[in-house]
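Asks: Residues 2 to 63 in my numbering are what the sequence shown spells out, letter by letter.
Just so it is clear, CB atoms sit at the ideal spot from N, CA and C, and this is done for glycine as well.
Because the structure is a prediction, the values reported are computed rather than measured.
Could you have a look at this structure, given as structure tokens, before my questions?
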Amino acid sequence: MTDPFFERFNFENYGGTPIIGVNAPVIIGHGVSNDKAIMNMILQTGTVISTNLCNRIKEAFS
């Protein structure tokens, strides 16, 4: 049985975390990432690229 609240924090659902303050997308994954986590990490990287996150962060702090 899964709890919806705790499922929001399951690393497999997100794959990794973007690092803020870099010039290019960098996603850090968990050391025990399985195939689901790696797939979601790749999808998240695509989202970071397609939304131009790095440049938007730079502009916000300029």
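#1: Based on the DSSP output, what are the partners of Thr18 in its beta bridges?
#2: In three-state terms, what does DSSP make of Asp4?
#3: Please list, in chain order, all residues of the same chain as Tyr15 whose beta carbon is under 7 Å from its beta carbon, the five residues on each side excluded.
#4: Rounded to the nearest angstrom, how far is the Cβ of Ile21 from that of Ile58, given a contact under 8 Å?
#5: Should Ala61 go down as buried or exposed, given a rule of 16 or more other Cβ atoms within 10 Å for buried?
#6: Quick check on Val49: does DSSP put it in helix, strand or coil?
Replies: Straight from the coordinates:
#1: The residue you call residue 18 lines up with position 17 of the sequence shown. In the DSSP output, where bridge partners are listed per residue, Thr18 has Ile29.
#2: Along the sequence shown, read from residue 1 onward, the residue named residue 4 stands at position 3. It is coil, neither helix nor strand.
#3: Locating residue 15 in the sequence shown gives position 14, where the first residue counts as 1. Asn41, Gln45, listed in sequence order.
#4: Taking the sequence shown and counting its residues from 1, one reaches residue 21 at position 20. Taking the sequence shown and counting its residues from 1, one reaches residue 58 at position 57. Indeed, because the Cβ distance is near 6 Å, the residues count as touching under 8 Å.
#5: Indexing the sequence shown from 1 puts residue 61 at position 60. Classification for Ala61: exposed.
#6: On the sequence shown, position 48 is the one that residue 49 refers to. Val49: helix per DSSP, three-state reduction.
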